[in-house]
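Below is one structure, written out as structure tokens; the observations come after it.
Protein chains: 2
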Amino acid sequence: MQGVTILGNNSAVPAFDRHPTAQVLTVRDHLYLIDCGEGTQIQIIRYKIRRSKIHRIFISHLHGDHYFGLIGLINSMGLLGRIQPLHVHGPAPLWEILQLQLREADTHLPFDLQFHPLPDEGFVAEDAHSTVHCFRTNHRIACWGFLFAEKGATRADIAAGRSPAGRTYAFCADTKYDPELAEKVKGVDWMYHETTYLDDLRANAEARYHSTTRQAADIALRAGAGHLLIGHFSSKYADLGPFLEEASEVFPNTLLALEGTTYLFK
Amino acid sequence: MQGVTILGNNSAVPAFDRHPTAQVLTVRDHLYLIDCGEGTQIQIIRYKIRRSKIHRIFISHLHGDHYFGLIGLINSMGLLGRIQPLHVHGPAPLWEILQLQLREADTHLPFDLQFHPLPDEGFVAEDAHSTVHCFRTNHRIACWGFLFAEKGATRADIAAGRSPAGRTYAFCADTKYDPELAEKVKGVDWMYHETTYLDDLRANAEARYHSTTRQAADIALRAGAGHLLIGHFSSKYADLGPFLEEASEVFPNTLLALEGTTYLFK
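Those protein sequences? They're chains A and B, same order as listed.
Position 105 of the first sequence, counting from 1, maps to 105 under our numbering, and the rest follow consecutively.
Basically our numbering = 1-based index in the second sequence + 266.
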């Protein structure tokens, strides 16, 4: 698990050239796309993500800023001749939405699109070098976070002098402040937690099922996380500096999720 | 009817910073959005289109590069507090697609979203200063073109010294070469016709229900159009110069549909 690249760090309405949520997690030679807001396929081109290496896509919930770009990405993968299977993990109704749009366009994908509805919590997927589990967050509609865990070093790794540290990454999706979340990702190496608002707007955050800077940092502290990445910034903020300042006061190992930046899990 | 602003001029897969189909027609103080590919709301911001003035949206067909941006635009209009009604005219199944996505997000729009399924052909809408009719084009799935006609000068216009010329604009959507199309838009002032390919790829155009440069120009010539706008360029072409050259040889009053450019109907 080398790191995560941010493709979108804004909340609902695009602004200041910031885009809706999308991240790419690199696990050896596989790419996992986490959420896919409108325009993600353009961000993938802009930041030179190898689309063909995207092996699985995880969608946290059905608010548009987290999945409206999925059908376009899938459609383009088909037009560009993808043949390897693509696994999509998301809320069950997503499959109806995708199928309806593919059917009305009379689209026949040249690859196998495999949809896997998310369980309420627990095991989601396993590949050669990682496992993925999901957990529920506390949002206005059903919403899931994902915990990615790298497997330990294999015999081949040891022979080659590689030593993957068995790193873990938690994507905590959209959520209001909820200390129970910290229990679900206890001891994680890297954690992404939304900070839609600065801390003076706690009331807005509470009302809209979102979190503030200090709330996110508090969750990271309670979880004993190694690093905290913050994002999903409200379109009302042009300057992101105060987000970093406020969160860092509570949890020093905080980083802003900036678009086009890859955060290496060292 | 002042003119048309191009927001997207590319075919299916975005490339070379060109975007999927979207155009804004200005009719007095109303804006009509024609097609709405993914990312149209970003193009609307980039080119400073007054979103609140968009009164009607017309969707030609359910291939994604013509409508995947619609749900995101509608969603953002709601988040930004729009209150005036919005009329969407499109193929009947579009309403199911929109409703499903709004329902799963538990979205309650603050404005009245009125959907009007397109008839096979004929009358679509009438406002104070214009009428809109639709016609079928010859594409792989059901596809409609739109004919916008400005009404003549009113008493108020004459008193104010304005003299709208009763201009007409035909949006011919996606279509293979079809001389019958010329009959449907006979004598139109401005015509948009797709040119997905240069003329050496007539076989590709035929197979994929698209048109070439010379074919589009031939339709404009047969229709006796005043001006021809060409667009929907394939992602295989970085340079658009040859499109203008080839089409102009057949129909001299041809212009390239360039993103961010407004073509004034003088």
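Virtual Cβ for every residue (Gly too), placed ideally from N, Cα, C.
Can you list, in chain order, the residues of its chain with a C-beta nearer than 6 angstroms to that of residue i? Leave out the 5 residues immediately preceding and following it.
i                      : result
residue 115 of chain A : 88, 95
residue 299 of chain B : 290, 320, 323
residue 92 of chain A  : 117
residue 166 of chain A : 150, 152
residue 497 of chain B : 275, 523
residue 248 of chain A : 254
residue 184 of chain A : 135
residue 174 of chain A : 139, 143, 194
residue 455 of chain B : 433, 434, 492
residue 260 of chain A : 47
residue 372 of chain B : none
residue 475 of chain B : 405, 406, 442
Since residue i sits in a beta bridge, which residues does DSSP pair it with?
i                      : result
residue 227 of chain A : A/190
residue 145 of chain A : A/135
residue 302 of chain B : B/288
residue 322 of chain B : B/298, B/353
residue 380 of chain B : B/353
residue 521 of chain B : B/495
residue 130 of chain A : A/127, A/150
residue 13 of chain A  : The partner list for residue 13 of chain A (beta bridge, DSSP) is empty, contrary to what the question assumes.
residue 175 of chain A : DSSP, once it has assigned bridges, lists no residue as partnering residue 175 of chain A.
residue 212 of chain A : A/197
Run the CB neighbour count on residue i, radius 10 Å, all protein chains shown included, and call it buried at 16 or more, exposed below.
i                      : result
residue 108 of chain A : exposed
residue 135 of chain A : buried
residue 38 of chain A  : buried
residue 130 of chain A : buried
residue 425 of chain B : exposed
residue 365 of chain B : exposed
residue 179 of chain A : exposed
residue 187 of chain A : exposed
residue 528 of chain B : exposed
residue 119 of chain A : exposed
residue 295 of chain B : exposed
residue 490 of chain B : exposed
residue 170 of chain A : buried
For residue i, which residues from the same chain have a beta carbon less than 7 angstroms from its beta carbon, with the 5 sequence-adjacent residues on both sides left out?
i                      : result
residue 212 of chain A : 195, 197, 198, 199, 201, 202, 205
residue 349 of chain B : 376, 377
residue 253 of chain A : 226, 227, 228
residue 486 of chain B : 457, 459, 494, 517
residue 246 of chain A : 198, 199, 213, 214
residue 81 of chain A  : 110
On the DSSP letters alone, give me the boundaries of the alpha helix (DSSP H) that residue i sits inside.
i                      : result
residue 367 of chain B : 359-370
residue 446 of chain B : 445-450
residue 307 of chain B : 306-312
residue 243 of chain A : 241-250
residue 270 of chain A : This structure cannot settle anything about residue 270 of chain A, because the visible part of chain A is limited to 1 through 266.
residue 342 of chain B : 336-345
Can you find the residues in the same chain that come closer than 8 angstroms, C-beta to C-beta, to residue i, ignoring five residues on each side of it along the sequence?
i                      : result
residue 335 of chain B : 286, 288, 302, 303, 304, 305, 306, 307
residue 499 of chain B : 275, 276, 277, 284, 461, 462, 506, 509
residue 86 of chain A  : 54, 55, 56, 57, 74, 77, 111, 112, 113, 114
residue 264 of chain A : 2, 3
residue 125 of chain A : 56, 87, 89, 116, 131, 132
Beta strand (DSSP E) containing residue i: first to last residue?
i                      : result
residue 436 of chain B : 434-437
residue 272 of chain B : 269-274
residue 122 of chain A : 122-127
residue 271 of chain A : Absent from the model: residue 271 of chain A. The displayed extent of chain A is 1 to 266, so no value can be given.
residue 464 of chain B : Careful: residue 464 of chain B lies outside any beta strand (DSSP E) and carries neither H nor E.
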